[in-house]
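Taking it in order: structure first as structure tokens, then the write-up.
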Amino acid sequence: MNALKPGMRVAVYCRISRDFTRGFLGVNRQRRDVLEMLAQVGIKVPLRNIFIDDDISASSYTRKKRPAYTEMIRRVRDGEFDIIAAYTTSRITRNPRDLESLIELSEETGVQFAFVKSPPVDLNSAQGKAIVRILNVIDTQTSDTTAELVRRQKKAARDAGILDGGRNRAFGYATNRCTEFHPDEVEHVRWMFKHIANNGLPGEVGARFRELGLGGVMGSSAWRPNHIHKMIRNPIYMGMMRNSDGELIQAGGVKPIVKAGLWRSAQMAMDARALGTSQVPRKKYLLSGKLTCGRCGSILLAQAPFTQGNGYTKAGQWKCRTRNEGGCGQLSRRMDIVDGVVVSTVEKFLRDVHDFDQETPADTDADPDPKRAELAKITAELEDIRQAIERGDVGPKDALPVMAAARRRETVLRSELRASGSQATRTRTKLRNDALAAWQSGRIAEQRTILESIIRSVTIHPNGGSRKNLAATVKVEFHTAA
Ligand SMILES: [Zn+2]
């Protein structure tokens, strides 16, 4: 009863979709194969009984509606057809719900189904329903295999060093296959690698690219740090790629933008930052994250010095973020001026301050001053935490809030001890001398720690258009009145 017979009235349904999980099959081939199957039993189908939907059309409206399908169902309900013929069940049904509504349709109208890739089924019978449900599953698996095939081809190409250009070209290149430089972009890629290799931050690269108004390759000009991060990690810039095992191999035809040595230096700088190792400062600049805009209150960003095309080197600047990023975009001040003011302020503080004696209470057995005891305890705790970080027992991220709180208390205690005129005022302490020595060592990580313990904030005020006395626009505030 479910075999095709001459004289049956047949609706042919074809659907093309770009949905790879359901398999891709050209409409022409579907239609030819279905018509051939029907011709073998002497059935000819007039053109108006062939229904074609195109899921590829961008409109999701069309995708949902499937106008040809709707029209076909309407005519089935009108009793025009005995059979719906298609290439596979998956051409008619897109999901299990479609299948169930077809089963209902079959029960209501008695229409049957014929498929090129499977025996004709009668959805009126329990057996037919079971078969078509199973076929639906098999169809999906078959097309999964197609996807698997594509995946394997890609893998083979990758292992052979053939670059899959993909949809987006890499920044700095004119083509997806990275065979030609982009004349306006290539120098910025080189600068990025140099900047990162010199312990610059991805965020600074992004800030500069935005500043220069460079467009991203995917139409975005946001240049987020993770975007910069991905670019730095991309071996294509030294003419290499990763095979499926993640090993670096030569990429065929790719023109390298930077030398392998520079690329690797940038990776090492990134690795060191990711590990948070103390050897490499997290921030390149002493004052990164510490300067506030006097106009809008946002944190100023560093812009490294750079040499322009005409050979003129522009000095490094502290700049407010653009409005899009929450700043006012209207304040910038030369780095050497700002840093000079802050550095000399800190040095003066370290030299002048009349500090207390830092010898540990353990030496004097019972210290009568509870504040002094507490200070010694905090100092010891800070040292413990520092050692724990060095051993790797504690991550810097976890420890920093604790350390910051301890340092704040330490500063308060010191100032109170100083104010109380305790015995401590007599000599400069070993601690302070250590601090001065550490400060003058020029190691940014240590300098930043000292800076944090002394200075509460640094605000850069607008200069009112004057270039005179810019140093006076830098306002340094200490944790306690010193
Ligand atoms: Zn601002």
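First residue of the sequence shown: 2, per the working numbering; consecutive thereafter. The beta-carbon is built from N, C-alpha and C at its ideal position, and this holds for glycine as well.
Below 8 Å on the Cβ atoms is my guess for residue i versus residue j; work out the distance and round it to an integer in Å.
i      : j      : result
Phe52  : Tyr14  : 5 Å
His196 : Leu215 : Rounded, the Cβ-Cβ distance is 14 Å, inconsistent with contact.
Val459 : Val343 : 6 Å
Ala305 : Glu212 : Not quite, the Cβ-Cβ distance comes to about 11 Å (not below 8 Å), so this is no contact.
Leu437 : Leu351 : 5 Å
Gly162 : Ile258 : That belief does not hold up - the Cβ atoms of Gly162 and Ile258 are roughly 18 Å apart, past 8 Å.
Ile300 : Leu292 : 7 Å
Glu447 : Arg408 : So it is not a contact: roughly 14 Å between Cβ atoms.
Arg334 : Thr474 : 7 Å
Pro463 : Arg296 : 6 Å
Val133 : Asp34  : Not quite, the Cβ-Cβ distance comes to about 19 Å (not below 8 Å), so this is no contact.
Which stretch, first to last residue, makes up the alpha helix (DSSP H) that contains residue i?
i      : result
Ser345 : Met336 to Asp353
Ile197 : Val187 to Ala198
Gln388 : Pro371 to Arg392
Gln448 : Ile445 to Ile455
Quick one: what's residue i bridged to in DSSP?
i      : result
Cys485 : With the chain running from 2 to 483 in the structure shown, residue 485 is simply not present.
Thr293 : Ile300 and Thr460
Arg211 : Arg211 is not bridged to any residue.
Ser333 : Lys320
Arg76  : Note: Arg76 sits in no beta bridge, so no partner.
Val11  : Ile84
Ala115 : Ala86
Lys476 : Thr460
Asp55  : Ile17
Phe182 : Tyr174
Lys315 : Phe307
Arg243 : Leu249
Answer yes or no: the CB of residue i versus the heavy atoms of ligand 1, is any distance below 7 Å?
i      : result
Cys321 : yes
Ser299 : yes
Gln441 : no
Arg296 : yes
Gln304 : no
Gln331 : yes
Gly328 : yes
What are the boundary residues of the beta strand (DSSP E) that includes residue i?
i      : result
Met239 : From DSSP, Met239 is part of no beta strand (DSSP E); its letter is neither H nor E.
Ile85  : Ile84 to Ala87
Asp34  : Run containing Asp34: none in the beta strand (DSSP E); it sits in the alpha helix (DSSP H), Val28 to Gln41.
Leu249 : Leu249 to Gln251
Strictly under 8 Å for the Cβ-Cβ distance: is residue i near chain C by that measure?
i      : result
Val475 : The chain labelled as chain C is not found in the depicted structure, where only one protein chain is given.
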